[in-house]
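Undergrad:
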Amino acid sequence: MSGREGEQDRGRGSVALAAGRSGDKSGSAPLGSLRSRSAMAKRAAVPAGALGDDFSFVSPMAKYVLFFFNLLFWVISMVMVAVGVYARLLKHAEAAMACLAVDPAILLIVVGVLTFLITFCGCVGSLRENICLLQVFSVCLTIIFLLQLAAGVLGFVFSDKARGKVSEIINGAIVHYRDDLDLQNLIDFGQKEFSCCGGVSYKDWSQNMYFNCTATNPSRERCSVPFSCCLHDTDQAVINTMCGHGMQARGYLEASAFIHTNGCIDKLVNWTHSNLFLLGGINALGLALPQVRGWGTGGQGAAPELCFGGLFWGAG
Numbered sequence: 001m002s003g004r005e006g007e008q009d010r011g012r013g014s015v016a017l018a019a020g021r022s023g024d025k026s027g028s029a030p031l032g033s034l035r036s037r038s039a040m041a042k043r044a045a046v047p048a049g050a051l052g053d054d055f056s057f058v059s060p061m062a063k064y065v066l067f068f069f070n071l072l073f074w075v076i077s078m079v080m081v082a083v084g085v086y087a088r089l090l091k092h093a094e095a096a097m098a099c100l101a102v103d104p105a106i107l108l109i110v111v112g113v114l115t116f117l118i119t120f121c122g123c124v125g126s127l128r129e130n131i132c133l134l135q136v137f138s139v140c141l142t143i144i145f146l147l148q149l150a151a152g153v154l155g156f157v158f159s160d161k162a163r164g165k166v167s168e169i170i171n172g173a174i175v176h177y178r179d180d181l182d183l184q185n186l187i188d189f190g191q192k193e194f195s196c197c198g199g200v201s202y203k204d205w206s207q208n209m210y211f212n213c214t215a216t217n218p219s220r221e222r223c224s225v226p227f228s229c230c231l232h233d234t235d236q237a238v239i240n241t242m243c244g245h246g247m248q249a250r251g252y253l254e255a256s257a258f259i260h261t262n263g264c265i266d267k268l269v270n271w272t273h274s275n276l277f278l279l280g281g282i283n284a285l286g287l288a289l290p291q292v293r294g295w296g297t298g299g300q301g302a303a304p305e306l307c308f309g310g311l312f313w314g315a316g
């Protein structure tokens, strides 16, 4: 009997020793293991039907589409800043630029920097799934959209003042047409694009000292208009830069056979009115798309929603 009792005591001691070792191991478990167990416990506490098997906090398609477009505009903004700085360093005709409300080079730099910062928030925010950056991105888009909307409304309400300001800018640009090559190219592009000449009519070019139609003007371009006012033949291989010679001395009907006689102010105002709703719709679409939530994966009855957080699914 004593032998059997000794064997039983030794067996009980082995079991106790093994239990003690097991308790030591569990007590010295690393902090990461405890956190993992805590996270697993929290997940287990959430009902399985609330999230679904394929639940994701971010829509992968919307995430990478937003990242791609922001990356594209990010690169464009850097090009804008580089071109603006380069143009500003080479700018010498300050008097010619004084006729414009803002120096185009400075405007290009400012717009480029703002675009860079906004697209940085959208690009990094979508890639890193950072809610804060995505909210900043959405708020910036909202502010831009509201400013454009306000500018459109003010343009309609104060159309006479806006027209007067446009007329002042165009007439000032005509006066300094030959003083700066960039300004000259800008005016030529506008007259070609809108098929117009001068501010109100082609005779507005008499405000320029080179095209002035007075008898005392010694310039070879007296009574002329720039070649961008001419009616160009699409089949013409070489552009005749002297096609506007002496056109101011001709009557309206006679000159209309060779040049555009309508002014650019009316053409520009009409173009703005006709495209204002289109531009507003494009901006509204661009504002809404990054903020629309897809169909929820949290069960039946889910519907698309709009949010300032952009791209993030409702997990509650």
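Going by this note's numbering, the sequence shown opens with residue 1, and the numbers climb by one from there.
The beta carbon of each residue, even a glycine, is placed where N, CA and C say it ideally should be.
#1: Report yes if the CB atom of Tyr202 is closer than 9 Å to the CB atom of Val225, and no otherwise.
#2: Which runs of the alpha helix (DSSP H) at least 4 residues long sit entirely within the region 156-235? Give them in chain order.
#3: Could you work out which residue in Glu129, Val113, Asp180 and Arg178 is closest to Gly61 when comparing CA atoms only?
#4: On the criterion of 16 or more Cβ atoms from any shown chain inside 10 Å, does Ile143 qualify as buried, or is it exposed?
#5: Can you tell me the Cβ-Cβ gap for Gln207 and Asn171, rounded? I've got them flagged as a contact below 8 Å.
#6: Determine which residues share a DSSP beta bridge with Asn262 and list them.
#7: Select from Phe69, Leu108 and Ala150 the residue whose C-alpha is nearest the C-alpha of Val85.
#8: Could you give the DSSP three-state label for Asn130: helix, strand or coil?
#9: Pairing CB atoms from the region 261-276 with CB atoms from the region 151-166, are three or more of them under 8 Å?
#10: Apart from the five residues just before and just after Ile239, which ones in its own chain have a Cβ nearer than 8 Å to its Cβ?
#11: Between the Cα of Glu254 and those of Asn212, Asp182, Cys230 and Cys264, spot the shortest distance and give me the residue it belongs to.
#12: In whole angstroms, what is the alpha-carbon distance linking Phe116 and Gly152?
#13: DSSP three-state call for Thr241: helix, strand or coil?
#14: According to the Cβ coordinates, are Cys264 and Met247 closer than 9 Å?
#15: Please state the DSSP three-state secondary structure of Arg250.
#16: Round the Cβ separation of Cys197 and Ile259 to the nearest angstrom and send it over; I've been treating them as touching at under 8 Å.
#17: At which residues does the alpha helix (DSSP H) containing Ala82 begin and terminate?
#18: Taking its Cβ as the centre, do 16 or more other Cβ atoms sit within 10 Å of Ala215, making it buried, or is it exposed?
#19: Would you mind giving the Cβ-Cβ distance between Cys123 and Asn70, rounded to the nearest angstrom? I have them listed as a contact below 8 Å.
#20: Using 10 angstroms around the beta-carbon of Ala257, count the other beta-carbons present and answer buried if the total reaches 16, otherwise exposed.
#21: Is it buried or exposed, Ala173, if we count other Cβ atoms within 10 angstroms and call 16 or more buried?
#22: Kindly indicate which three-state DSSP category Ala150 falls into: helix, strand or coil?
#23: So is Ser219 buried or exposed if we call it buried at 16+ other beta carbons inside 10 Å?
#24: Which same chain residues, not among the five before or five after Leu127, have their C-beta less than 6 Å away from its C-beta?
#25: Can you tell me which of Asp179, Val113, Asp160 and Phe189 puts its alpha carbon nearest to the alpha carbon of Val75?
#26: Pick out whichever of Ser195, Phe145 and Gly199 has its Cα sitting closest to the Cα of Lys346.
TA: Quick answer:
#1: yes
#2: 159-175 and 181-194
#3: What sits at residue 61 in the sequence shown is Met, not Gly. For Met61, the nearest C-alpha among the options comes from Glu129.
#4: exposed
#5: 6 Å
#6: Ser201
#7: Leu108
#8: coil
#9: yes
#10: Phe227 and His232
#11: Cys230
#12: 25 Å
#13: coil
#14: no
#15: coil
#16: 6 Å
#17: Pro60 to Leu90
#18: exposed
#19: 4 Å
#20: exposed
#21: buried
#22: helix
#23: exposed
#24: Phe67
#25: Val113
#26: Lying before the first or after the last residue shown, residue 346 is absent from the chain, which here runs from 1 to 316.
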